[in-house]
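In this note's numbering, the protein residues as written are 161 to 243.
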């Protein structure tokens with residue numbers, strides 16, 4: 161997996177954007193990808209990982225996968241508390 165894909169997968173703002181937790185961030189990311197079209201493929205790959213069933217293989221170790229899942233859940237819970 162590309163390093164940039166991993167960067168997207170560990171970016172809380174990107175995760176919230178993909179999962180629709182922060183709908184207003186869509187315009188920010190759309191603008192970002194207009195300025196950085198070379199990163200769109202990596203972002204799409206990261207999005208596919210985030211939206212995939214849990215049994216899809218990726219290059220994360222078990223510990224990295226668990227840590228990422230915990231961060232995603234925590235981030236969503238934290239943001240939900242703000243609303």
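Every residue, glycine too, gets a C-beta built ideally from N, C-alpha and C. Keep in mind the model is a prediction, meaning the values are calculated, not measured.
Going by DSSP, residue 204 is part of the alpha helix (DSSP H) stretching over 200 to 211. The beta carbon of residue 203 sits closer than 6 Å to the beta carbons of 168 from its chain, once the five residues preceding and following it are set aside; these are given in chain order. Between residue 175 and residue 210, the C-beta gap is smaller than 8 Å, which places the two residues in contact. By the 16-neighbour rule on beta-carbons within 10 angstroms, residue 178 is buried. In its chain, beyond the 5 residues on either side, no residue has a beta carbon closer than 6 Å to the beta carbon of residue 187.
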